[in-house]
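Reviewing the structure listed below.
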Amino acid sequence: MQKIWTEKYRPDRLDDVYGQQRVIERLKAYVKKKSMPHLLFSGQAGVGKTTSAIALSKEMYGDDWDANFFELNASDERGIDVIRNKIKEYARTSTRSDIGFKIIFMDEADSLTSDAQAALRRTMEKYSHNCRFILSCNYSSKIIDPIQSRCAVFRFRSLTEDDVNDWIDYLAEEEGLDVSEEAKSLLVRVCKGDLRRITNLLQISASTTSDITGEVVRRSANIARPEEIRDLIKTAFKGNFLEAKSRLDELIIEDGLSGEDIIQQIHNEIYEVPMDTQKKMELVDRIGEAEFRLVEGADEMIQLEALLADIATKR
Ligand SMILES: Nc1ncnc2c1ncn2[C@@H]1O[C@H](COP(=O)(O)OP(=O)(O)OP(=O)(O)O)[C@@H](O)[C@H]1O
Ligand SMILES: [Mg+2]
Numbered sequence: 002m003q004k005i006w007t008e009k010y011r012p013d014r015l016d017d018v019y020g021q022q023r024v025i026e027r028l029k030a031y032v033k034k035k036s037m038p039h040l041l042f043s044g045q046a047g048v049g050k051t052t053s054a055i056a057l058s059k060e061m062y063g064d065d066w067d068a069n070f071f072e073l074n075a076s077d078e079r080g081i082d083v084i085r086n087k088i089k090e091y092a093r094t095s096t097r098s099d100i101g102f103k104i105i106f107m108d109e110a111d112s113l114t115s116d117a118q119a120a121l122r123r124t125m126e127k128y129s130h131n132c133r134f135i136l137s138c139n140y141s142s143k144i145i146d147p148i149q150s151r152c153a154v155f156r157f158r159s160l161t162e163d164d165v166n167d168w169i170d171y172l173a174e175e176e177g178l179d180v181s182e183e184a185k186s187l188l189v190r191v192c193k194g195d196l197r198r199i200t201n202l203l204q205i206s207a208s209t210t211s212d213i214t215g216e217v218v219r220r221s222a223n224i225a226r227p228e229e230i231r232d233l234i235k236t237a238f239k240g241n242f243l244e245a246k247s248r249l250d251e252l253i254i255e256d257g258l259s260g261e262d263i264i265q266q267i268h269n270e271i272y273e274v275p276m277d278t279q280k281k282m283e284l285v286d287r288i289g290e291a292e293f294r295l296v297e298g299a300d301e302m303i304q305l306e307a308l309l310a311d312i313a314t315k316r
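Per this note's numbering, the sequence shown starts with residue 2, numbered consecutively.
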């Protein structure tokens, strides 16, 4: 079976992590000194947090890194007690290196409730004589202050268009792919700086052809053709709400698009639809609101239908 590309192309060395120079320089200093405090990594998905934690350990411990690196997921549904027991067990085993501490990497730390974080904080203190924690999260604001103040905080930035293009070129070169300009700009737009998503989409696309065109990406990414979205907006704008709703159903149910992708595409296409500027501005504001609600977990069908209803009354 083919290895999944996100693992195959996970950089082993800190220097090979893309686009995070400021973070990487500081991490390299820890490797050099062979010492570090607890760390808190924050940043959106797929920007190199786990990758950097592993690369740091590989450089710190060399071949022994595996025995000195323990990965846990905080969203483990069995809760903080299970996590504490696992940490306890791991912390008890002796370190097999001259470094004097082992690393416990905890992903999705922001999924812990504040009570669970308080318990984690005590655990961190208890084992800090022989363990360093690296906590990883999407939003550092969701981490309680007492933990933040015990960690050196590292903000991983979202990767820029240039970083993403470099990454696509690198994968294309390694895998012998021909990626068209349209495909690249679609990938950049859809993946919003998430290199994991880009890597996965390229692998899916490349499973059928090495000639990666815009259409191939569109099919793998499940994004609608721009005409379909424009049509949806125009239909609603003509006041034909029921017809617009049935097109929306098709996109979501039959084509499997996600609500967030559709909102994003509506946002991109709204500028192309002939409409009074004032109305457009109001709609853009509404789109922003719907997007926010979806991110916060609102029902996508309800939000999208409400948005279409709004467009239908903007005539
Ligand atoms: N900065 C980067 N440089 C090179 N590759 C990257 C980078 N960020 C992500 N990748 C690619 O994406 C994959 C996933 O990255 P990683 O696991 O580090 O993301 P993450 O920031 O930990 O995301 P999450 O918040 O979802 O845990 C990597 O295996 C690698 O292929
Ligand atoms: Mg991760």
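Don't be surprised by glycine CBs; every beta carbon is placed ideally from N, CA and C. Keep in mind that this is a model prediction, so the values were computed, not measured.
- DSSP, read as helix, strand or coil, puts residue 35 in coil.
- With fewer than 16 other beta carbons inside 10 angstroms of its own, residue 282 counts as exposed.
- With contacts defined as CB atoms closer than 8 angstroms, residue 234 and residue 312 qualify as a contacting pair.
- For residue 163, the shortest separation between its Cβ and any heavy atom of ligand 1 does not lie below 7 angstroms.
- The C-alpha of residue 197 lies about 8 angstroms from the C-alpha of residue 46.
- Contact between residue 214 and residue 181 holds, with the beta-carbon distance rounding to 5 angstroms and staying under 8 angstroms.
- In this structure, residue 309 and residue 249 form a Cβ contact; the two beta carbons are roughly 6 angstroms apart against a cut-off of 8 angstroms.
- Residue list for ligand 2: 50, 51, 108 and 137 (CB closer than 6 angstroms to any heavy atom, chain order).
- Under the three-state reduction of DSSP, residue 136 is assigned to strand.
- Rounded to the nearest angstrom, the gap between the Cα atoms of residue 167 and residue 127 is 43 angstroms.
- With distances taken between CA atoms, residue 266 lies nearest to 226 out of 19, 226 and 21.
- By the beta-carbon neighbour count (other beta carbons within 10 angstroms, threshold 16), residue 118 is buried.
- Residue 192 has no beta-bridge partner at all, per DSSP.
- Take residue 141, set aside five residues on each side of it, and the residues of its chain with a beta-carbon closer than 7 angstroms to its own are 41, 43, 149 and 154, in chain order.
- Of the other Cβ atoms in all chains shown, fewer than 16 fall within 10 Å of the Cβ of residue 257; this residue is therefore exposed.
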